[in-house]
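In my numbering, the protein residues as written are 521 to 633. Working notes, beginning with the structure itself.
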């Protein structure tokens, strides 16, 4: 069985944030894992971005004005995600400053059996 059989078809969504603090990019579910494949953002001004699964920090980036941050699963075709958020954990982007952040995210969710 290929890994791609373990989750639903991935969804592409836009990111458009202008506030500091936590912004939920993928909502949590008590019965599903969230599989994060790609996250790409551009920041308008300097900020530190922290990516989280619930309260767990999974990545942190300090970016300058007009900088780009992009993560991508190395082998998306196999279905292997970059991050896996457990049931009850939303996927969150936290910004240290109230700056414009735009971009995209590709993710899928799958119920736990």
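Glycine residues also receive a C-beta, built at the ideal position from the N, C-alpha and C atoms.
Per DSSP, the continuous beta strand (DSSP E) segment holding residue 630 begins and ends at 621-631. Residue 615 and residue 555 have their C-alpha atoms roughly 21 Å apart. In this structure, residue 626 sits near residue 532, with a CB-CB distance shorter than 8 Å. Spatial neighbours of residue 582 in its own chain (CB-CB distance under 7 Å, excluding positions within 5 residues in sequence) are listed in chain order as 568.
Note that the region 604-622 touches the region 539-556; at least 3 beta-carbon pairs, one per stretch, sit closer than 8 Å.
Between residue 558 and residue 591, the C-beta gap is smaller than 8 Å, which places the two residues in contact. Runs of the alpha helix (DSSP H) spanning 4 or more residues and lying entirely within the region 558-585 do not occur at all. Residues 548, 550 of the same chain have their beta carbon placed closer than 6 Å to that of residue 608, with the five preceding and five following residues left out of the count. By the beta-carbon neighbour count (other beta carbons within 10 angstroms, threshold 16), residue 628 is buried. Beyond the five residues adjoining it in sequence on each side, residue 617 comes within less than 6 Å, by CB distance, of 540, 567 in the same chain, given in chain order.
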